[in-house]
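Residue numbers (the UniProt record's numbering): 1 to 291. Below: the structure, in structure tokens.
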């Protein structure tokens with residue numbers, strides 16, 4: 001963006017020690033929109049004062065966040081919000097310059113490698129074993145415990161780079177591949193877990209599932225490792241945590257709800273004084289797309 005007299009004046013006031021002045025200046029800069037980001041980046045490069053650099057970084061982040069709010073609004077308004085697109089929007093919170101096409105290419109390579117090993121004669125368990133073997137053995141995807149001091153473990157682009165993620169991010173990758181391959185696996189709301197389930201459907205129609213679809217679940221998958229669990233294993237788990245297995249726990253989670261879970265858990269990575277504004281922003285995004 002061409003640096004006008006107004007922009008130059010605003011930039012001269014970024015280092016003003018008066019918080020009220022800085023808030024007025026920052027609000028005006030934000031109102032100009034994302035086109036001003038290159039100017040701010042140039043100002044950051046030519047500013048020796050670290051405290052002023054911090055202010056500039058915050059302004060750039062707020063501009064990216066405003067764009068992200070609009071992108072999430074558009075995503076939520078779609079008739080069927082796509083899980084991969086939603087997960088990548090979460091990644092863009094931390095990596096606003098993310099090359100989405102590179103991620104899509106990586107996912108497509110995985111899909112093709114799995115598709116080449118599938119055929120219509122495989123049983124549900126054999127289908128799942130093909131996907132699990134390629135994902136965890138061929139690509140060496142690793143599962144890590146949910147650790148809020150490792151924000152990258154929540155982000156799909158970083159999971160694809162490092163081949164490691166937690167149950168939520170690995171689970172999202174697994175679900176994205178299942179959707180692309182028409183394998184009827186969805187996430188279910190088992191307490192304190194992010195678990196996937198293979199459903200038996202009527203003519204592939206998810207909307208025909210009964211109110212309590214537990215008897216339609218053939219088995220469960222732990223996205224940390226790809227390990228398969230039976231209904232009996234899950235019933236044992238419910239007894240151990242002293243929670244009655246009500247119908248709601250066995251209904252497939254929507255893509256919007258999964259992205260909400262991702263946003264809320266990712267937000268916990270920023271529950272500290274220095275980055276608490278990021279916690280607030282992520283929770284606001286979660287509330288905004290609430291069903």
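Beta carbons are placed, not taken as given, at the ideal position from N, Cα and C, and that holds for glycine. Values in this document were obtained by computation on a predicted structure and should not be read as measured data.
Beta-carbon proximity check, residue 10 vs residue 21, cutoff 8 Å: The sequence position of residue 10 within the chain shown is 10, counting from 1. The sequence position of residue 21 within the chain shown is 21, counting from 1. No. Outside cutoff.
Which of helix, strand or coil DSSP assigns to residue 250: Taking the chain shown and counting its residues from 1, the one referred to as residue 250 is at position 250. Helix, per DSSP.
What does the Cβ neighbour count give for residue 87, buried or exposed, with the cut at 16 atoms within 10 Å? Translated into positions along the chain shown, residue 87 becomes position 87. Buried is the call here.
How close, in whole Å, do the beta carbons of residue 185 and residue 178 come, if the pair is a contact with beta carbons under 8 Å? As a first step, residue 185 is located in the chain shown; it is residue number 185 there, counting from the start. As a first step, residue 178 is located in the chain shown; it is residue number 178 there, counting from the start. Approximately 4 Å separates the beta-carbon atoms of residue 185 and residue 178; this is inside 8 Å, confirming the contact.
Compare the C-alpha of residue 138 against each of 156, 272, 110 and name the closest. Counted from its first residue, the chain shown places residue 138 at position 138. Nearest to residue 138 by alpha-carbon distance, out of 156, 272, 110, is 110.
Backbone CA spacing between residue 160 and residue 46 [nearest angstrom]: Within the chain shown, residue 160 is the residue found at index 160, counting from 1. Within the chain shown, residue 46 is the residue found at index 46, counting from 1. Near 35 Å, if we compare the C-alpha coordinates of residue 46 and residue 160.
How far does the alpha helix (DSSP H) with residue 34 in it extend, from its first residue to its last? For the purposes of this step, residue 34 is taken as residue 34 along the chain shown, with counting starting at 1. Element bounds for residue 34: n/a, residue is neither H nor E.
Candidates 187, 35, 221, 6: closest to residue 83 by CA position: Along the chain shown, one-based indexing puts residue 83 at 83. Selected option, being the one with the closest Cα: 187.
Burial state of residue 205, where buried means 16 or more other Cβ atoms lie within 10 Å: Position 205 of the chain shown, counted from the first residue, corresponds to residue 205. Classification for residue 205: exposed.
If we ignore side chains and look at the alpha-carbon of each, how far apart do residue 73 and residue 227 end up? On the chain shown, position 73 is the one that residue 73 refers to. On the chain shown, position 227 is the one that residue 227 refers to. Rounded to whole angstroms, residue 73 to residue 227 spans 36 Å at the Cα level.
Whether or not the stretch 259-272 and the stretch 89-104 are in contact is what I'm after, with contact meaning three or more pairs of Cβ atoms, one per stretch, closer than 8 Å; do they touch? yes
Taking the beta carbon of residue 55 as the centre, do at least 16 other beta carbons fall within 10 Å, making it buried, or is it exposed? In the chain shown, counting from the first residue as 1, residue 55 sits at position 55. Under this definition residue 55 is a buried residue.
According to DSSP, residue 296 sits in a beta bridge with which residue or residues? This structure cannot settle anything about residue 296, because the visible part of the chain is limited to 1 through 291.
On the DSSP bridge list, what partners appear for residue 196? For the purposes of this step, residue 196 is taken as the residue at position 196 of the chain shown. DSSP lists 187, 221 as partners of residue 196.
According to the Cβ coordinates, are residue 132 and residue 166 closer than 8 Å? As a position in the chain shown, residue 132 is number 132, starting the count at 1. As a position in the chain shown, residue 166 is number 166, starting the count at 1. No, Cβ-Cβ distance for residue 132 and residue 166 is not below 8 Å.
Residue 168 vs residue 194 beta-carbon contact at 8 Å: Taking the chain shown and counting its residues from 1, the one referred to as residue 168 is at position 168. Taking the chain shown and counting its residues from 1, the one referred to as residue 194 is at position 194. It is a contact, given that the beta carbons lie within the stated cut-off.
Rounded to the nearest angstrom, what separates residue 288 and residue 121 at their Cα positions? In the chain shown, counting from the first residue as 1, residue 288 sits at position 288. In the chain shown, counting from the first residue as 1, residue 121 sits at position 121. One C-alpha to the other measures close to 43 Å.
Which value, in whole angstroms, describes the spacing of the CA atoms of residue 296 and residue 27? Nothing about residue 296 can be read from this structure; the chain reaches only from 1 to 291.
If you run the structure through DSSP and keep just helix, strand and coil, what is residue 243? Taking the first residue of the chain shown as 1, we reach residue 243 at position 243. It is coil, neither helix nor strand.
Identify the continuous alpha helix (DSSP H) that holds residue 227 and give its terminal residues. For the purposes of this step, residue 227 is identified with residue 227 of the chain shown, where counting begins at 1. Where residue 227 is concerned, there is no enclosing alpha helix (DSSP H), although the beta strand (DSSP E) it sits in stretches over 227-229.
Under the rule that 16 or more other beta-carbon atoms within 10 Å means buried, what is residue 267, buried or exposed? Taking the chain shown and counting its residues from 1, one reaches residue 267 at position 267. Under this definition residue 267 is a buried residue.
Whole-Å CB distance - residue 269 paired with residue 79, under 8 Å assumed: Along the chain shown, read from residue 1 onward, the residue named residue 269 stands at position 269. Along the chain shown, read from residue 1 onward, the residue named residue 79 stands at position 79. That belief does not hold up - the Cβ atoms of residue 269 and residue 79 are roughly 32 Å apart, past 8 Å.
Output yes or no for whether 8 Å exceeds the beta carbon distance between residue 247 and residue 220. Position 247 of the chain shown, counted from the first residue, corresponds to residue 247. Position 220 of the chain shown, counted from the first residue, corresponds to residue 220. Result no, Cβ atoms of residue 247 and residue 220 do not sit closer than 8 Å.
What does the alpha-carbon distance come out to for the pair residue 63 and residue 213? The residue given as residue 63 occupies position 63 in the chain shown. The residue given as residue 213 occupies position 213 in the chain shown. Those two C-alpha atoms are separated by around 44 Å.
Using the three-state DSSP reduction, which class does residue 278 fall into: helix, strand or coil? Here residue 278 is taken as the residue at index 278 of the chain shown, counted from 1. In this structure, residue 278 counts as helix in the three-state DSSP scheme.
Find the nearest neighbour of residue 175 within the set 5, 99, 254, judged by alpha-carbon distance. Here the question's residue 175 lines up with position 175 in the chain shown. Distance from the Cα of residue 175 is smallest, within the candidate group 5, 99, 254, for 254.
Same chain only: Cβ atoms within 6 Å of residue 238, ignoring 5 sequence neighbours per side: Stepping through the chain shown from its first residue, residue 238 is reached at position 238. So the list reads 245, once near-sequence residues are dropped.
Need the endpoints of the alpha helix (DSSP H) that residue 65 sits in, please. Locating residue 65 in the chain shown gives position 65, where the first residue counts as 1. First-last of the alpha helix (DSSP H) with residue 65: 50-77.
With distance defined between alpha-carbon atoms, name the residue in 200, 58, 94, 115 nearest to residue 153. Here residue 153 is taken as the residue at index 153 of the chain shown, counted from 1. Nearest option by C-alpha distance: 94.
Could you check the C-alpha separation between residue 180 and residue 286 for me, to the nearest Å? To locate residue 180, count along the chain shown from 1; it is residue 180. To locate residue 286, count along the chain shown from 1; it is residue 286. So the alpha carbons of these two residues sit roughly 25 Å apart.
Start-to-end residues for the alpha helix (DSSP H) that takes in residue 174: Counting from 1 along the chain shown, the entry for residue 174 is found at position 174. Looking at the DSSP string, the run of the alpha helix (DSSP H) that includes residue 174 is 167-180.
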